[in-house]
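Counting in our numbering, the sequence shown runs from 18 upward without gaps. Ideal Cβ placement from N, Cα and C applies to all residues, glycine included. Following: one structure in structure tokens, then a few remarks.
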Amino acid sequence: MSNQLLNPWLVTGCVLTISLTTASLAIARYVPPRDQKPPGEYSRTGGGRGCPEDKIPLTILAPKKHIGETTSRYPTFAWFVSNSYEVDFRIFEFDANNQPSKPIGKPVLLPNSSGVNKYSLPENQQGLTVGQKYLWQAAIKCQQGYLVERAEFKVVEMPASLSKKLSMTEDAAKKADLYAEAGLWYNA
């Protein structure tokens, strides 16, 4: 009987170990772009005192020490919520004075389940502009107010060398590695 109990535990342990190792390898391959500057004050967490009922209520999955990059005019954004919060998602375009003043589209209210969630800009709307810097934010409402997480990102041209490498593989994991090695956080 103990052999029957051991097998599910052994399988679960192996799967968990492989999953964590694979995730670490993917993260380890990300190389921030060489010419990066740190983000401005806009990328800091804002809002009230947070959500005291949760230790980690909201975490956006984005670079915090530099400005993330993407070649997509319709990027995908991801975040973690510890409970089923409705997320208020917004994007702002930086103006000539380096202020995130122009909202892109309307705020989107997204029902989320606990865990990692994502949102892609709809392709039936106007895409983002190559060469432009943006700010994205996710906010949740807690008992004591809103908790807001933000990150800056920039839409850049696809490097010709990367485009060539991408055309040589169909493997999604390999493509993600190539994007990560090229410093394209939101493509990886």
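For residue j and residue i, believed in contact at Cβ under 8 Å, the rounded distance
i	j	result
Glu166	Ile77	4 Å
Pro206	Pro80	Nothing about residue 206 can be read from this structure; the chain reaches only from 18 to 205.
Arg90	Leu179	Not really, about 16 Å apart at Cβ, beyond 8 Å.
Gly85	Ala190	No, Gly85 and Ala190 are not in contact; Cβ-Cβ is about 20 Å, not under 8 Å.
His83	Pro55	6 Å
Host beta strand (DSSP E) of residue i (start-end)
i	result
Lys123	Note, Lys123: premise wrong, no beta strand (DSSP E); not H, not E.
Leu164	162-172
Lys135	132-137
Chain-order list of residues whose beta-carbon lies under 7 Å from that of residue i (same chain, five-residue window excluded)
i	result
Asn255	Outside the modelled stretch of the chain, which goes from 18 to 205, sits residue 255, for which no answer is possible.
Leu46	Before going on, a small fix: residue 46 reads as Arg here, not Leu. Asp194, Ala197, Glu198, listed in sequence order.
Gln143	none
Distance between residue j and residue i (C-alpha atoms, nearest Å)
i	j	result
Tyr163	Ile157	6 Å
Leu75	Glu174	31 Å
Ser137	Leu201	16 Å
Ile73	Trp153	19 Å
Glu103	Pro128	5 Å
Ser99	Ser131	5 Å
Ser184	Pro176	12 Å
Phe94	Lys181	25 Å
Ala40	Gln149	Residue placement at Ala40 cannot be trusted, given a pLDDT of 44 that sits under 50; the coordinates are not used to answer.
Gly122	Glu140	12 Å
From the options, residue whose alpha carbon lies closest to that of residue i
i	options	result
Asn114	Asp188, Gly57, Thr186, Lys191	Gly57
Val172	Asn100, Gln142, Val98, Phe111	Phe111
Asn134	Arg51, Phe97, Glu187	Phe97
Phe170	Asp105, Val147, Tyr151	Tyr151
Ala155	Ile121, Asp105, Leu126, Val125	Asp105
Same chain only: Cβ atoms within 6 Å of residue i, ignoring 5 sequence neighbours per side
i	result
Cys159	Cys68
Continuous alpha helix (DSSP H) stretch holding residue i: start and end
i	result
Lys182	177-184
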